[in-house]
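Peer 1: My questions all concern the structure below.
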Amino acid sequence: MRNPATLLVILFALLFRAITRLIVKTEQHSPLKIGHRGAAGYCPENTISSFQKALELGADYLELDIQMTKDGELVVIHDSTVNRTTNGKGKVMDFTLPEIQNLDAGSWFHRKFAGEKIPSLSEVFDEFAGKIGFLIELKKPSLYPLIEEKLAEELMKREFTTGDRQIIVQSFDRESLKRFHELLPSIPIGILVRNAGLKMISNKNLKSFASYVSYVNPKISMVNKRMIKRIHLHGFKTIIWTVKRKNDLKAIKNLHVEGIVSDFPDLS
Ligand code: G3P
Ligand code: CA
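94 is the number of the first residue of the sequence shown in our numbering; add one for each residue after it.
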């Protein structure tokens, strides 16, 4: 028969082990917080202010969209024209970098953001690399021949060449993702899927992604428990987009997804 002191020590040890396991388990299942276009609910999307806000709100990653200017520079903007988010008009591809950076990308959201610029990808990296991860979306890459090469060059220049440097590249465009993966196979790839693409998550398609994809990222409105389970069973991680309100979070609670993209990265 052990004495009471020994029993107490054993009890404490067991309790400590149970608590540690619980903490590890909770951490494992807490999804990455990813700020959509920065913190698009609070600031003009895809601007330095928006990215700064997401960082301050505790985001783990910045989601951002890239396109290419006439002079071959990667710029961070969602649409292929500047019409919606600046005071200018025209296609991104018809501006040089200095021309596009002359536009005001903040006033449309609120006058307090007047003078905000469309940042180049390089400027975003200068400001935020090492502080937060990046979920980079190749937006309409078919409009921009060689955009995959440009992105790969930029990442290599900055030695973002291993999977642990917090870069994920995603797109709806599978061909573009394949090309990028050939150029820089160490960077994890995410394939975006929206409602019209339900068939894309068939078992057959999931199998065909295996050679180049790490994440299968469905739109929140199409997500259900079975789908997430199937994505996981095929060995992929998943990032859900885009949470805009608290109720959205309720819907995906307990699905054990790896990441959640939100306009309000502080929502919980
Ligand atoms: O992260 C996915 C999401 O950003 C895709 O939709 O239109 O906001 O670029 P969109
Ligand atoms: Ca995006």
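Heads up, the beta-carbon is just placed ideally off N, CA and C, and yes, glycines get one too. Note that the structure is predicted; figures quoted are calculated from it, not measured.
Keeping to the same chain, check which residues put their C-beta closer than 8 Å to that of residue 152; ignore five residues upstream and five downstream.
Peer 2: For this step, residue 152 is matched to residue 59 along the sequence shown. Result list for residue 152: 126, 127, 128, 132, 225, 358, in chain order.
Peer 1: Taking residue 246 as part of the alpha helix (DSSP H), name the residues at either end of that continuous run.
Peer 2: The count along the sequence shown starts at 1 and reaches residue 246 at position 153. Unbroken alpha helix (DSSP H) run through residue 246: 240-250.
Peer 1: In this structure, does DSSP put residue 123 in helix, strand or coil?
Peer 2: Mapped onto the sequence shown, residue 123 falls at position 30. It is coil, neither helix nor strand.
Peer 1: Quick one, what's near ligand 2 if you take every residue whose CB is closer than 5 Å to any heavy atom, in chain order?
Peer 2: Result: 158, 230.
Peer 1: Can you look up residue 179 in the DSSP assignment and give me helix, strand or coil?
Peer 2: Here residue 179 refers to the residue found at position 86 when the sequence shown is read from its first residue. DSSP places residue 179 in coil when its eight states are reduced to three.
Peer 1: Say yes only if the C-beta of residue 351 is nearer than 6 Å to one or more non-hydrogen atoms of ligand 3, and no if none qualify.
Peer 2: You won't find ligand 3 in this model; what it holds is ligand 1 and ligand 2.
Peer 1: Name, in chain order, the residues that DSSP records as bridge partners for residue 160.
Peer 2: Along the sequence shown, read from residue 1 onward, the residue named residue 160 stands at position 67. Per DSSP, 168.
Peer 1: Nearest-angstrom Cα distance between residue 305 and residue 279?
Peer 2: Here the question's residue 305 lines up with position 212 in the sequence shown. Here the question's residue 279 lines up with position 186 in the sequence shown. Going from the Cα of residue 305 to the Cα of residue 279 covers about 10 Å.
Peer 1: Taking one C-beta from the region 261-270 and one from the region 233-245 each time, how about it: are there three or more such pairs within less than 8 Å?
Peer 2: With a cut-off of 8 Å, the region 233-245 and the region 261-270 count as touching, because enough Cβ pairs lie within range.
Peer 1: If I'm right that residue 166 touches residue 190 with Cβ under 8 Å, what's the distance once you round it to whole angstroms?
Peer 2: Position 73 of the sequence shown, counting from 1, holds the residue named residue 166. Position 97 of the sequence shown, counting from 1, holds the residue named residue 190. With 8 Å as the limit, residue 166 and residue 190 qualify as a contact, their Cβ atoms being about 4 Å apart.
Peer 1: Please state whether the Cβ-Cβ distance between residue 212 and residue 169 is less than 7 Å.
Peer 2: Here residue 212 is taken as the residue at index 119 of the sequence shown, counted from 1. Here residue 169 is taken as the residue at index 76 of the sequence shown, counted from 1. Contact: yes.
Peer 1: What does DSSP give as the partner residues of residue 354 in its beta bridges?
Peer 2: As a first step, residue 354 must be located in the sequence shown, where it is residue number 261. In the DSSP output, where bridge partners are listed per residue, residue 354 has 127.
Peer 1: What residues match up with residue 311 in a beta bridge as DSSP calls it?
Peer 2: On the sequence shown, position 218 is the one that residue 311 refers to. BP columns for residue 311 point to 286.
Peer 1: Can you tell which of 316, 303, 204 has its C-alpha closest to the C-alpha of residue 287?
Peer 2: Reading the sequence shown from its first residue, position 194 is the one you call residue 287. Ranking the options by Cα distance to residue 287, first place goes to 316.
Peer 1: Kindly indicate which three-state DSSP category residue 324 falls into: helix, strand or coil?
Peer 2: Here the question's residue 324 lines up with position 231 in the sequence shown. DSSP places residue 324 in helix when its eight states are reduced to three.
Peer 1: Does the beta-carbon of residue 138, which I'm using as the reference point, lie nearer than 6 Å to any heavy atom of ligand 1?
Peer 2: Working through the sequence shown from its first residue, we reach residue 138 at position 45. No - ligand 1 has no heavy atom lying nearer than 6 Å to the Cβ of residue 138.
Peer 1: Could you give the distance in angstroms between the alpha-carbon of residue 267 and the alpha-carbon of residue 297?
Peer 2: Counting from one through the sequence shown, the residue named residue 267 turns up at place 174. Counting from one through the sequence shown, the residue named residue 297 turns up at place 204. Residue 267 and residue 297: Cα-Cα distance of roughly 15 Å.
Peer 1: Could you say which of 301, 234, 139 lies nearest to residue 272 if we only look at CA atoms?
Peer 2: Taking the first residue of the sequence shown as position 1, residue 272 is located at position 179. Comparing Cα-Cα distances from residue 272 to each of 301, 234, 139, the minimum goes to 234.
Peer 1: Within the continuous beta strand (DSSP E) that includes residue 262, where are the two ends?
Peer 2: Working through the sequence shown from its first residue, we reach residue 262 at position 169. First-last of the beta strand (DSSP E) with residue 262: 260-264.
Peer 1: What residues in its chain sit with their C-beta under 8 Å from that of residue 361, if we drop five residues either side in the sequence?
Peer 2: If you number the sequence shown from 1, residue 361 lands on position 268. Excluding positions up to five away in sequence, the list reads 342.
Peer 1: By a C-beta neighbour count over all protein chains shown, 10 Å radius and 16 as the cutoff for buried, is residue 96 buried or exposed?
Peer 2: Numbered from 1 along the sequence shown, position 3 holds the residue referred to as residue 96. Classification of residue 96: exposed, given that the 10 Å Cβ count is below 16.
Peer 1: For residue 229, report the span of its alpha helix (DSSP H) as first-last.
Peer 2: For this step, residue 229 is matched to residue 136 along the sequence shown. No alpha helix (DSSP H) holds residue 229; the beta strand (DSSP E) holding it covers 226-231.
Peer 1: Give me, in chain order, the residues of the same chain whose beta-carbon lies closer than 8 Å to that of residue 329; leave out the 5 immediate sequence neighbours on both sides.
Peer 2: Here residue 329 is taken as the residue at index 236 of the sequence shown, counted from 1. So the qualifying residues of the chain are 299, 302, 306, 307, 308, 309.
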